[in-house]
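Protein chains in written order, with our numbering: chain U, 1 to 205; chain P, 206 to 410. For every residue, glycine included, the Cβ atom is placed at its ideal position computed from N, Cα and C. Working notes for the structure below.
There are 2 protein chains.
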Amino acid sequence: MSSPREIKKRKTKKAILSAAIELFAQNGFEQTSIAQLARTAGVGKGTVYSYFKTKQDILQAFCDDELEFIHEQLANNTNHQAPVLQQLLTIFIAEFKYVTRNPEFGRLYMQEIVFPRKVVMDKHQEQENKYFEMIFPILTRAQEHGELRNDIELHYLCGHFFALYLLLLHAWYSDFVTTDQAEESLSTLFTQALTGLQPSKVITT
Amino acid sequence: MSSPREIKKRKTKKAILSAAIELFAQNGFEQTSIAQLARTAGVGKGTVYSYFKTKQDILQAFCDDELEFIHEQLANNTNHQAPVLQQLLTIFIAEFKYVTRNPEFGRLYMQEIVFPRKVVMDKHQEQENKYFEMIFPILTRAQEHGELRNDIELHYLCGHFFALYLLLLHAWYSDFVTTDQAEESLSTLFTQALTGLQPSKVITT
DNA sequence: ATGCAAAAATGACCGCGGTCATTTTTTACC
DNA sequence: GGTAAAAAATGACCGCGGTCATTTTTGCAT
Numbered sequence: 001m002s003s004p005r006e007i008k009k010r011k012t013k014k015a016i017l018s019a020a021i022e023l024f025a026q027n028g029f030e031q032t033s034i035a036q037l038a039r040t041a042g043v044g045k046g047t048v049y050s051y052f053k054t055k056q057d058i059l060q061a062f063c064d065d066e067l068e069f070i071h072e073q074l075a076n077n078t079n080h081q082a083p084v085l086q087q088l089l090t091i092f093i094a095e096f097k098y099v100t101r102n103p104e105f106g107r108l109y110m111q112e113i114v115f116p117r118k119v120v121m122d123k124h125q126e127q128e129n130k131y132f133e134m135i136f137p138i139l140t141r142a143q144e145h146g147e148l149r150n151d152i153e154l155h156y157l158c159g160h161f162f163a164l165y166l167l168l169l170h171a172w173y174s175d176f177v178t179t180d181q182a183e184e185s186l187s188t189l190f191t192q193a194l195t196g197l198q199p200s201k202v203i204t205t
Numbered sequence: 206m207s208s209p210r211e212i213k214k215r216k217t218k219k220a221i222l223s224a225a226i227e228l229f230a231q232n233g234f235e236q237t238s239i240a241q242l243a244r245t246a247g248v249g250k251g252t253v254y255s256y257f258k259t260k261q262d263i264l265q266a267f268c269d270d271e272l273e274f275i276h277e278q279l280a281n282n283t284n285h286q287a288p289v290l291q292q293l294l295t296i297f298i299a300e301f302k303y304v305t306r307n308p309e310f311g312r313l314y315m316q317e318i319v320f321p322r323k324v325v326m327d328k329h330q331e332q333e334n335k336y337f338e339m340i341f342p343i344l345t346r347a348q349e350h351g352e353l354r355n356d357i358e359l360h361y362l363c364g365h366f367f368a369l370y371l372l373l374l375h376a377w378y379s380d381f382v383t384t385d386q387a388e389e390s391l392s393t394l395f396t397q398a399l400t401g402l403q404p405s406k407v408i409t410t
């Protein structure tokens, strides 16, 4: 699998991605043309399109890589003894910070993640599974510890928290909450979701 | 406000929107060019852009109008005595059905609603307020009836349900749930959100 | 080394969304 | 009705994302 051909291809792909990172960061996504990107990467315009289907895909590939790195970081540094609320907050806020660091990238990235085109579904499924793999263990442990109901399917449980994370991002992009307020808001939402939206008629211990 | 000029402008705008509806429905959004749209509407290409900032805005205007109509319909036909779960389900499923009828439109529409560009923020705020105006009364009544906790701010309460609605759309666009399963899934999610994700140590009545 | 087929790179080319200087239409005033 | 200023309509034009027939490079058998 490491024929000289493959090696060169990988190098070219890296070159394109490096050029993309540099130019996107410097001039923004929309303001960077493929021609310019190709020139910076030292390849022809057509070459770019033999490595990436669309301009979007270039951004997607970059963001996916970065996020994967962050997830690995988190996975290794998570305190599995901490309350589930704390663990999830840490993960989602880290992701939030990353996604909103460059609002333009984040917007385009999330648009594609949440409402994917059929074209990129395969990549998307794969990414989603990685996501589950990160969250599921935390939720399972929490279920075992009695922190979470175990009559709720893991996908649903995961969905609730993901949904609130999406809500936070929506609120941020709509200027309802600032970056400073993000953690507090998400914490409130998570807590409310845990305790339930309807009044409990009795005292909870 | 009804000077002959205004009247003609409205007529032109209608013509453009009508052409858009026809062509978008017939050939899809991406496959419809502004030149073609302008020809069908019987105006010049530039004229289209003096009525709408971007191609996206045309779709947005169309969807907004339609959804407003649906909301009015619902507002008049809602049974305010029904359980809050039922009322919310009716509204969100109606909206879901509409948004997913044409997956391509729905995707582009939701992408813009959930992660708006700064450019269209004004329109967006306005739309969001209309949304609150529809949901708030239901939630307030539910709070008064003791169906919902009244120590949760209305925006947050609204957010929880909206978040789960977004999750449903995400799941649908990711092929996790089919249209048939939508209502059941959303019902499950809403119920879980109401009762809470953590075990209640006691009996709820 | 040489020839040759497969793979990779290329840039001219296309139709598109969007702009803007110019033209056409409308309005208001005498 | 004449006319000048304001408003609206227009399409040639631009740079873009994306395609594809052609050229260049590569890997391999001789």
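Does the Cβ of F161(U) lie closer than 7 Å to at least one heavy atom of the ligand COA?
-> This structure does not include the ligand COA; it has no bound ligands of any sort.
Just the C-alpha distance for L359(P) and K8(U), rounded to the nearest angstrom, thanks.
-> 57 Å
Using the beta-carbon of each residue, which ones in chain U are nearer than 8 Å to S379(P)?
-> P116, M121, H124, Q125, E128
With a cut-off of 8 Å, does the C-beta of Y131(U) fall near any C-beta of chain P?
-> Not an interface residue.
Would you be able to state if there are at least three C-beta pairs under 8 Å between the stretch 349-369 of chain P and the stretch 134-145 of chain U?
-> Remark: fewer than three beta-carbon pairs, one from each stretch, lie closer than 8 Å, so the stretch 134-145 of chain U and the stretch 349-369 of chain P are not flagged as touching.
Contact between the stretch 114-130 of chain U and the stretch 372-390 of chain P: three or more CB pairs below 8 Å?
-> Cβ pair count under 8 Å is three or more, so yes.
Using 8 Å as the threshold, is the stretch 303-314 of chain P in touch with the stretch 255-268 of chain P, meaning 3 or more CB pairs across them?
-> yes
Outcome for V119(U) when other beta-carbon atoms lying within 10 angstroms are tallied against a minimum of 16 = exposed
Residue closest to A20(U), alpha-carbon to alpha-carbon, out of T54(U), P4(U), E6(U) = Selected option, being the one with the closest Cα: T54(U).
Counting only beta-carbon atoms, is Q236(P) nearer than 8 Å to chain U?
-> So no, Q236(P) is outside the interface.
Of all the CB atoms in chain U, is at least one closer than 8 Å to the CB of Q397(P)?
-> Yes - at least one Cβ of chain U is within 8 Å of the one on Q397(P).
Partner residues on chain U for P404(P), Cβ-Cβ distance less than 7 Å = For P404(P), the chain U residues whose C-beta falls within less than 7 Å of its own C-beta are G146, R149, listed in chain order.
Can we say the stretch 286-293 of chain P touches the stretch 244-263 of chain P, given the rule of at least three CB pairs closer than 8 Å?
-> No, they do not touch.
Quick one: using the 10 Å Cβ neighbour count with 16 as the cut-off for buried, is R107(U) buried or exposed?
-> buried
Between H375(P) and chain U, is there a C-beta pair that is closer than 8 Å?
-> H375(P) counts as touching chain U.
For T400(P), which residues in chain U fall below 8 Å Cβ to Cβ?
-> G196, Q198
Three-state class that DSSP yields for T345(P) in the structure shown | helix
Taking Cβ positions only, does Q386(P) come closer than 8 Å to chain U?
-> no
Looking at the unbroken alpha helix (DSSP H) that takes in V99(U), where does it start and where does it end?
-> 84-101
Specify, as a first and last residue, the run of the alpha helix (DSSP H) that D356(P) falls within.
-> Careful: D356(P) lies outside any alpha helix (DSSP H) and carries neither H nor E.
Between the stretch 181-195 of chain U and the stretch 219-234 of chain P, do three or more beta carbon pairs fall short of 8 Å?
-> no
Could you please tell me which residues of the stretch 83-107 of chain U, in chain order, have their CB closer than 7 Å to any CB of chain P?
-> R107
Short check: CB of G196(U) to CB of L399(P), under 8 Å?
-> yes
Enumerate in chain order the residues of its own chain whose CB-to-CB distance from A280(P) is below 8 Å, with the five nearest sequence positions on each side excluded.
-> M339
Classify H285(P) as helix, strand or coil using the three-state DSSP reduction.
-> coil
Would you kindly work out how many angstroms separate the C-alpha atoms of P116(U) and L167(U), rounded to a whole number?
-> 17 Å
Which word fits T179(U), buried or exposed, when buried means at least 16 other C-beta atoms lie within 10 angstroms of its C-beta?
-> exposed
How close, in whole Å, do the beta carbons of L59(U) and M110(U) come, if the pair is a contact with beta carbons under 8 Å?
-> In fact, because the Cβ distance is near 11 Å, the residues do not count as touching under 8 Å.
Start and end of the alpha helix (DSSP H) containing K9(U)?
-> 4-27 is the span of the alpha helix (DSSP H), which, as asked, contains K9(U).
Specify the secondary structure class of Q60(U) as computed by DSSP and reduced to three states.
-> helix
Cβ pair L157(U), Q403(P) closer than 8 Å | no
Under 7 Å by beta carbon: chain P residues contacting M110(U) | F320, listed in chain order.
Which value, in whole angstroms, describes the spacing of the CA atoms of T283(P) and Q397(P)?
-> Rounded to whole angstroms, the gap between the alpha carbons of T283(P) and Q397(P) is 23 Å.
For the alpha helix (DSSP H) holding R322(P), just list the boundary residues, first then last.
-> In the DSSP assignment, R322(P) falls outside any alpha helix (DSSP H), carrying neither H nor E.
Compare the C-beta of Y49(U) against all C-beta atoms of chain P and say whether one is closer than 8 Å.
-> no
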